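A.B. asks: Once you've had a glance at the structure underneath, I'll fire off some questions.
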Amino acid sequence: MSVKRRTQSGLLVTLLMLTALAPLTMVQAQPAAPSEFYYGVEYDWSSLDDDFSNLSGLNIDELLIEIMADADAAGFNLDVGQLTTGSSNVYVHQTEDITMQTIQDGNGDDVEVWSRTSDVVLRHGIIFNGVLLTDWNEPASFGGEANSFDIDVISQFQNVLTVDMLYTEYLTDDYNLVGADMALDMTVSADMSLDVDIALDGGGEEIAVDFATGISFGYSMESTDAVWRLDAESPIYIEASDNSATNWYCAEDEYDHGVWDEWGEVEVADLCGEIDGTYTGAADYEIYFTGLPTEEFGLDSGEFDLTVSDQFLHSGDYEGAFEGNGYLSMEQDMEGDDFVVDLGNGETVDAVACVDCPPGNPVMFTMMGNVLAQSTLSFGEEIAEDLQASFEDSIVDTIFDEWASSLAEGNDDGYEMNEWQCDDGQWIPAYWVNNGYEDCSDGSDESDLYINTYNYGESGVYHSGEFNTDELPDLGVSMFTCADLNEINWDSVNDGENDCDGGEDEQNQDGTRMFTCNDGTEISWDLINDYNNDCSDLEDEGAAALYHFQITSSYSDGTVFGLEDNTICETATGYGCDYSSYDSYYYAQHEFSADEHGPLDYCVNAIITTGSGDVMMEADTTCSDIWVGHSMGWTDLSSEGMTLDWGAYVDNNVQSNDAVLHFSIQDDQGTEIHSATHQLSGEGWGEDFDGTYDVSSEGDYCLVMSLTEEGDTEPYHTDSLCEEVSLAGEPSDRLMTILEAFSESGLQDVAEEFTDQLSTTFEDLEENEVPEFPYTDGMWAPLWSTEHAAIIGVGLYAMDDDGGKYVIAGPETTGYSQDLPMTFMSIRYLTGAPAEDAQTQMADFEDLEDIVDVENHDLSALEDALEQAGADVSDLGLDEGSNDVDDGTSTPDTAEDIVQDEGLLPFISPLSVLAMVGIAALAGSNRRRENNE
């Protein structure tokens, strides 16, 4: 119960906090006079049940009377009670300082600014106590034993959240944002406990369980000097006020910085700069877990008992890039008009709804998120090792390790992220290396020449990679220089036309003109640009430079089994070169031979040289291994009772039957107690093997799997797994006796009767008329003033069929009534002096006793009601209440009588009803399924 209530509480607190954190007013140009505003939001948690009933139409009192009567009719007792008391309060005080002052922007330049400040105070506290008592008794039949259970469940939860935030932003006289400062102090604490007392009696056996668990934790973060400065002034407030839709985000670099208007939507990309500050963080926790009857499950008594506690304190600093974005879309009210809002100080402001905004200034929310993220991250890094050490050798550590292992195994189908370290110490994912982008800040992840290698088929390796042509001088096509020193393209040489004035680019009339290659060899002029490399360096085809690219594969002993020698150049005809500046990706395939099964190690190297042998680039030698023949894919070993269940899968990397699989089961002394051998067929991608074996005693057993090539005596591949065989964890005879007695008792009939009773109750509930919802339209409106260029408040508005308009929650708004036909949100919205007084008072409150009226959390009334219903409350641990003396002559009232007469129902929340609805739905579903069968 406490968990569900806490979840709902947390959601409502979050809503209240967001609702209240809207800065009140800002001006679109520097104000002529400073303004000051107060407002706040308050919620008393005692209104929660009424709000639920008003909205749902459920009469919770009557429903719970029926449910407890259903239990009585079915033959067991059920008493449920819970008490929730709490208060959530958020207040905002906003001021402006129009005196111009000088600050420095993110670039260190002086800027003249004015400022506005939001002082936010949040105080939330909640107390919850829940009780569930149920018992059943079946008298002993002739020759039999009595059967019964008695279960008491006591839950408790307390939660406190305090936030003090002072946010000051700086704007130029033309309303551009320069930056902001923030002082933030947040404290959150929670204390949860669950006590369960169970007495089971059946078949002449008894078991008593006194189980208790709980967790308490506290966390506080104080950062009083957070500073954020943009690298360039931001027009976000101006653009948001001038346009119906504005998308704001931080640009990655100065090239993306600016304002764009596309498709009716304005984009503001800011150079957001950095945020820095100092922090003081504190954390403490205590976890306990005791009383679980582990001995009834074959485990040692108290094996899961746990008490762990620790506390941490650290101060430090943080600095990082400011991250943020927001979408501001403006709409008028449901009739297409502006909202006219009273700010509580005599000023009335026109506003529109910023429907996609958070319920407050998006810039303030973004800075708050940055401060909490940066400070918490720094604090967490500092205390991580101490926190981990505090859990070592405890059941928490064991559970966490198991969870982490399961998560790792299930993550991306077993894929593990490999990391690569840059030259400057930075770590990046390994698959980012040589991906064409400099992911290391020093660019060391990208090489001028790199090579990757893969296996393919049964006897081949495949290499691929890329080289950087910018590092190869003169790579390109030569120009031909005429006698008059004019240059022409090489493809114009020997093309049958005189492109040089003297015709020296063509063969002479007698056909005797020769071309001299770089190595001194002479060839006929007619062979230039004939699509053949008649010169060794292809200069007759226009190659300005020729490089040799060699890829070599070798075994681990240096023996080469693959060699490719390619050329890198460019020619006028486009022929004769293996690679060029337009084709810098390469690949190669090399075949290997191996006589034995198992791993085969090999290395690959790539090098680019000039014709004279000078090395231009050389890739790092890459070594890998290839598995030759069959291999173990996976093995598995598990146990159930005294039976071992094993399985294995062999990958057929080659289509041959020249290997055998041998498996052996060994005890903890290494003695083989069972073995078998299987001939591999080599068919398909792989083969499955499995089996079972019954062992005679508890202990550790190992499964050893090995692959051996025919003709050999030593295996080339071995894998093993071990498993503990134990009867520990089996239910005790005493527990089994009780469970068997319950299964043979009338408890099943009681459960079925309760199911039938609940089904009838909820069928009747379906006929209950839900009150007509009077509102036909509604609007959640963070209120944006285009005059002030700011959110000035928030409101929830509704309209009925007759055109009546209502403020469900929010400031007084012209044309909107606060006289509601239905109230389903008892939120109190304050402005002006009442908000100022409330904030001043609440700012001094830090403890639960101050925030919550604990006098209203009267546990004695809950105890009295349960006691008058016939429940034994002597060991519940609730506060002592005023108890009437029982003379022994009166009959205890039934639970439903107490509900009706003594007021137990105010302690029952709608969550108990929802839990009962879930039980009834599940029970009804099971019942229908049984009937259908």
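Read left to right, the sequence shown gives residues 186 to 1118 (the numbering used here).
Glycine included, every Cβ here is placed at the ideal spot set by N, Cα and C.
Computed from a predicted structure; not experimentally measured.
Determine whether the beta carbon atoms of THR806 and VAL880 lie at a separation below 9 Å.
C.D. replies: no
A.B. asks: Provide the residue span of the beta strand (DSSP E) that contains GLU452, from first to last.
C.D. replies: 450-455
A.B. asks: Quick one: Cα of GLU915 to Cα of THR820, how far?
C.D. replies: 27 Å
A.B. asks: So, using beta-carbon positions, are GLU925 and GLY387 closer together than 9 Å?
C.D. replies: Closer than 9 Å, so yes.
A.B. asks: Where does SER944 sit, in a helix, a strand or coil, going by DSSP?
C.D. replies: Residue state, collapsed to three classes: helix.
A.B. asks: Output needed for ASP852: all residues of its chain with C-beta closer than 7 Å, excluding positions within five of it in sequence on either side, in chain order.
C.D. replies: Within the same chain, ASP852 has close Cβ partners ILE858, GLY884 and TYR886.
A.B. asks: So, is ASN693 buried or exposed, given that buried needs 16 or more other C-beta atoms within 10 angstroms?
C.D. replies: exposed
A.B. asks: Looking at TYR732 and ILE793, is the spacing between their C-beta atoms short of 9 Å?
C.D. replies: yes
A.B. asks: DSSP puts GLY462 in a beta bridge; with which residues?
C.D. replies: For GLY462, the pairing in a beta bridge is given by DSSP as TYR503.
A.B. asks: Hey, ASP438 and GLY505: beta-carbon distance below 9 Å or not?
C.D. replies: no
A.B. asks: Taking 8 Å as the line, does the beta carbon of ILE423 fall inside it for any heavy atom of the ligand MN?
C.D. replies: The ligand MN is absent from the structure shown, which contains no ligands of any kind.
A.B. asks: What separation, rounded to the nearest whole angstrom, lies between the Cα atoms of LEU906 and GLU894?
C.D. replies: If you draw a straight line from the Cα of LEU906 to the Cα of GLU894, it comes to about 22 Å.
A.B. asks: Return the first residue and the last residue of the alpha helix (DSSP H) that ASP234 is part of.
C.D. replies: Residues 233-241.
A.B. asks: Looking at C-alpha atoms only, which residue of ALA538, GLU957, ALA773 and PRO900 is the closest neighbour of ALA844?
C.D. replies: Of the listed residues, the one whose Cα sits closest to ALA844 is PRO900.
A.B. asks: Tell me whether PHE507 is buried or exposed, calling it buried when 16 or more other Cβ atoms sit within 10 Å of its Cβ.
C.D. replies: buried
A.B. asks: Going straight from the alpha carbon of VAL316 to that of SER238, what length do you get?
C.D. replies: 22 Å
A.B. asks: Could you give the residue range of the alpha helix (DSSP H) that holds ILE423?
C.D. replies: 421-427
A.B. asks: Which class does ILE850 belong to by DSSP, given the choice of helix, strand or coil?
C.D. replies: strand
A.B. asks: Helix, strand or coil for VAL540? Go by DSSP, reduced to three states.
C.D. replies: Here VAL540 sits in coil by DSSP.
A.B. asks: Considering only the beta carbon of each residue, do VAL345 and ILE923 sit closer than 9 Å?
C.D. replies: no
A.B. asks: Just the C-alpha distance for ASP740 and TYR787, rounded to the nearest angstrom, thanks.
C.D. replies: As written in the sequence, residue 740 is Tyr, which differs from the Asp given in the question. Across the structure, TYR740 and TYR787 are spaced so that their CA atoms are roughly 4 Å apart.
A.B. asks: Compute the distance between the beta-carbons of ILE336 and SER272, then report whether it is under 9 Å.
C.D. replies: no
A.B. asks: Please report the distance separating the alpha-carbon of PRO996 from that of SER970.
C.D. replies: When rounded, the distance between both Cα atoms is 14 Å.
A.B. asks: Give me the residue from VAL305, ASP304 and ILE400 with the minimum Cα distance to SER340.
C.D. replies: ILE400
A.B. asks: Which residue from THR409, TYR473 and GLN517 puts its Cα closest to that of GLY501?
C.D. replies: THR409
A.B. asks: Please report the distance separating the alpha-carbon of ASN619 from that of ALA375.
C.D. replies: 49 Å
A.B. asks: Helix, strand or coil: how does DSSP classify TYR760 here?
C.D. replies: coil
A.B. asks: Below 8 Å CB to CB, which residues in the same chain sit around PHE482 once its five sequence neighbours on both sides are set aside?
C.D. replies: Only GLY914, GLU915, PRO916, SER917 and LEU920 meet the Cβ criterion.
A.B. asks: Under the three-state reduction of DSSP, which class applies to GLN774: helix, strand or coil?
C.D. replies: Taken through DSSP and simplified to helix, strand or coil, GLN774 comes out as strand.
A.B. asks: Terminal residues of the continuous alpha helix (DSSP H) containing ILE636?
C.D. replies: Not the alpha helix (DSSP H): ILE636 falls in the beta strand (DSSP E), residues 634-641.
A.B. asks: Based on DSSP bridge pairs, tell me the residues matched to ARG414.
C.D. replies: GLY364 and GLU459
A.B. asks: For TYR470, which residues does DSSP report across the bridge?
C.D. replies: Note: TYR470 is bridge-paired with PHE402 and ASP495 in the DSSP secondary-structure output.
A.B. asks: Under the rule that 16 or more other beta-carbon atoms within 10 Å means buried, what is GLU1081, buried or exposed?
C.D. replies: In this prediction, GLU1081 has a pLDDT of 40, which is less than 50 and means its spatial position is unreliable; what the coordinates show is noted afterwards. Classification for GLU1081: buried.
A.B. asks: Under the DSSP definition of a beta bridge, which residues are partnered with ALA975?
C.D. replies: Its beta-bridge partners are SER970.
A.B. asks: Return the residue from the list LEU513, SER841, ASP1022 and THR856 that minimises the CA-CA distance to SER866.
C.D. replies: Of the listed residues, the one whose Cα sits closest to SER866 is SER841.
A.B. asks: Counting only the same chain and skipping the five closest in sequence on each side, list residues whose C-beta sits under 7 Å from that of THR431.
C.D. replies: For THR431, same chain residues with a beta-carbon under 7 Å away, outside a window of 5 residues either side, are GLU424, ALA425, VAL451, VAL453 and LEU513 in chain order.
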